[in-house]
Amino acid sequence: MSQLKWLWNYLKGNRAGLVVGIVLSAITSATMIINPMLSQKLIDDVITPGNAEPLIPLLIVMFVVQIVRLGLRYAMHNLFLEPMSNTAMTVLRKDMFETTQKQDYRFLHKFPTGNLMTRITQDLDRVRHTVSWVLFAFVDSVILFVFAFVFLLFVNWELSLCLTAVTPIMLLVSHRFTTIIRPRFVLLRQKLTSLGTAVTENIDGNRVVKAFAREDHEIEKFEVHNAEFRDVSCGNALIAARYQPILELLSNLLVIMTLIGGGFFLINGRMTAGQYLAFSSLSWALANPLRMLAVILADIERYNATATMIREVVEAPKGFTDAPDAVELSSRPRGGIEFRNVNLNIQGNDILQDISFKAGPGETIGILGSTGSGKTSLINLLGHFYEPDTGEVLLDGVNINNYTMSSLRRHIGFAMQDVFLFSDSVKGNIAYGRPELGDDTIVKRAAQADAHSFIVKMEESYDTLVGERGVGLSGGQRQRIALARALAIEPAILILDDTTSAVDSETEQYIQNQLRNLDFPCTKIIIAQRISSFRGASQILVMDKGRIVERGTHEQLLANRGFYHHIWCLQYNVDPNAPLGDVPAGNLAAFSNGGTN
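Residue numbers (my numbering): -6 to 590.
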């Protein structure tokens, strides 16, 4: 009942349509006993005494009742229940999507893509089915049973009580069925989620699968999930197959009891032929609701399982939201950045520890570190994708929590190593952050990212449709389009996370020269593994295990002979023990020129 109560609360604004639909269902169910009542009169008052006078009026009334009932039935389904259920599910689907959009990264760790897809599609359709059919069927069955039983009590109370003698048995069987099937539907829902996750991951990672020739392995893994879903589904069908015949048998007993009991009363003169016909006509009105009981209860249990999954998303606690007093960042910031004693812990792991540094407006900060050192987590804090556990992040001397997240991010350009391109044109991907951007500006930003040269060679140039995730483009091409997308918003802060890792040294040097001569003021944070990416950096931070272990200019870090010096020696083929004064001039110049030996 808690899930149905939640659904009722969620139907706010659509409740009137549901109530009208349910009322029409009750009315049309109740009117189904009118024609059997008139049939009784037709036999007893017209045919048996040979009185033809009431025949035409009775037939007209029976015809009108049937037409009115069918008209109300049509209105119930097509004007109220179906539109209302679809509208309600549209709102619910929108809320689920908005929830996923406004959550932080921790939420996506908990709910994989395939899991969310199953909940937003199949689970919502199950809820819609419950609103548009299950509730109607339940009300329909209850009203029909009650009205038919009351009418038959007035016709012959003894036979009516005999017919309902099997009702308690059917209720016990139905209760037993729901008790067994309830956890099975929860398990089935979990297997469906696992199956959807496996499919989504395989599609997203299709290139990796093919690169390692693991198609057969993935097919076998899919078959395991597929077989588990099949086994649980077949198990549920077998359980239903055991109980459904029992319910069918008990409901059919009503028809047999009508024939036997009604015949006995008719022979003994305790029932008229019309009354016997009414009993025969309405025996299904008692049997069918009882027969439908198992189906309705099974659908309700399916709904309970899926509603639980939907509520986990809709009612998921927000990781963090805008502060109550957060304001819009209306004017362009200067771009000054400061981290003060920042610490970040995710799922019990210390990701960042006591991070402090400053970057003045227009400066370039380089960040170097091994995999897992916390580089990407640091810039995620700047974009307010995570909330620091302690410490604060400031923009132009003001804590970023004072600004709304959306207005803050509009002034930060992200170009990440793991590039995501939408199934849109090249132009649409570049102008994603500023859809109103003109063609000339799009071309200009593409040229700054060294993307214009290959874009114009594509079949439809900037109007070429990019496949899902940029299928058909090389890694370097995707990275350059992503950089153009970041530049297109003319950000006050530009974050490059290994953005040039897939391009050659010549292209990297061209892009760096363009970035040094941007036509708008911009503070840059560059994360890279190649030391050549840090040319011109005002300050370089070296990170290890979530801490800043070295900081300074290129020359200062070389003089320290720490981790940075070690990486520089490896990349430029320098003896780590050689004094800097003894290093060949060509090797020392390589950093400034962008090459490696």
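Backbone N, C-alpha and C define an ideal beta-carbon position, used for all residues, glycine too.
Burial state of ASN2 (16 or more Cβ within 10 Å):
exposed
Do you know how far the Cα of TYR565 is from the Cα of ALA578?
Residue placement at ALA578 cannot be trusted, given a pLDDT of 45 that sits under 50; what the coordinates show is reported in the next sentence. If you take the alpha carbons of ALA578 and TYR565, they lie about 12 Å apart.
Is the stretch 356 to 370 touching the stretch 287 to 301 in the sense that three or more CB pairs, one from each, lie closer than 8 Å?
no
Using DSSP's beta-bridge definition, name the partner residues of ALA352.
ILE330
Can you tell me whether ASP224 is helix, strand or coil according to DSSP?
helix
When we look at the beta-carbon of TYR67 and count the other beta-carbons within 10 Å, is it buried (16 or more) or exposed?
exposed
Start and end residues, alpha helix (DSSP H) containing PHE527:
Here PHE527 belongs to no alpha helix (DSSP H), and DSSP marks it neither H nor E.
With a Cβ-Cβ cutoff of 8 Å, do SER273 and GLY255 count as a contact?
yes
Consider the Cβ of LEU337: report whether some Cβ of chain D lies at a distance smaller than 8 Å.
Any reference to chain D falls outside this structure, which holds one protein chain only.
Beta-carbon separation (whole angstroms), LEU387 vs ARG325, contact threshold 8 Å:
In fact, because the Cβ distance is near 17 Å, the residues do not count as touching under 8 Å.
Assign ASN195 to one of three DSSP states: helix, strand, or coil.
helix
Residues of its chain near MET285, where Cβ-Cβ distance is below 6 Å and the 5 sequence neighbours each way are ignored
SER134
Run of the beta strand (DSSP E) containing MET409, from where it starts to where it stops:
405 to 409
Alpha-carbon to alpha-carbon, PRO282 and VAL16
18 Å
Can you give the beta carbon distance from GLY406 to PRO484, rounded, assuming they're within the 8 Å contact cut?
3 Å
Just the Cα atoms here: how many angstroms apart are ARG182 and ILE289?
18 Å
Hey, SER125 and PHE142: beta-carbon distance below 8 Å or not?
no
Taking the Cβ atom as the reference point for each residue, do ILE293 and VAL127 lie within a distance shorter than 8 Å?
yes
Using C-beta distances below 8 Å, list every residue in its chain close to PHE73, excluding the 5 sequence neighbours before and after it, in chain order.
GLY10, LEU11, VAL13, GLY14, LEU17
8 Å contact criterion, which GLY329 and CYS515 should meet: CB distance rounded
In fact, because the Cβ distance is near 12 Å, the residues do not count as touching under 8 Å.
Does the Cβ of PRO50 have 16 or more other Cβ atoms within 10 Å, making it buried, or fewer, making it exposed?
exposed
Just the C-alpha distance for ASP347 and LEU371, rounded to the nearest angstrom, thanks.
11 Å
Going by CA-CA distance only, name the one from ILE27, ILE239, LEU156, LYS5 that's closest to LEU85.
LYS5
At the level of alpha carbons, what is the spacing between THR314 and LYS95?
8 Å
Could you please give the first and the last residue of the uninterrupted alpha helix (DSSP H) stretch that includes GLU34?
Note on residue identity: the sequence assigns Lys, not Glu, to residue 34. It spans 27 to 34 - the alpha helix (DSSP H) in which LYS34 sits, taken as one unbroken run.
How many Å lie between GLY390 and GLY355 at the Cα?
15 Å
I believe VAL307 touches MET89 by the beta-carbon criterion, under 8 Å. Please report the beta-carbon distance rounded to the nearest angstrom.
6 Å
Anticipated Cβ contact below 8 Å, ASN342 with PRO381, distance rounded
Rounded, the Cβ-Cβ distance is 14 Å, inconsistent with contact.
Please report the distance separating the alpha-carbon of ASP512 from that of ILE518.
18 Å
Please name the residue or residues paired with GLU385 in a DSSP beta bridge.
ARG333
Spell out the partners DSSP gives MET110 in its beta bridges.
Answer is none; MET110 lacks a bridge partner.
Contact under 8 Å by Cβ, LEU145 with LEU270
no
Can you tell me whether DSSP reads THR589 as helix, strand or coil?
Because THR589 sits at a pLDDT of 44, beneath the cut-off of 50, its placement in the model cannot be relied upon, and the following sentence gives the value as read from the coordinates. Reduced to three states, the DSSP call for THR589 is coil.
Coil, strand or helix - LYS517 by DSSP
strand
Count the other CB atoms, across all protein chains shown, that sit within 10 Å of the CB of ASN71; report buried if there are 16 or more and exposed otherwise.
exposed
Going straight from the alpha carbon of ARG175 to that of PHE131, what length do you get?
18 Å
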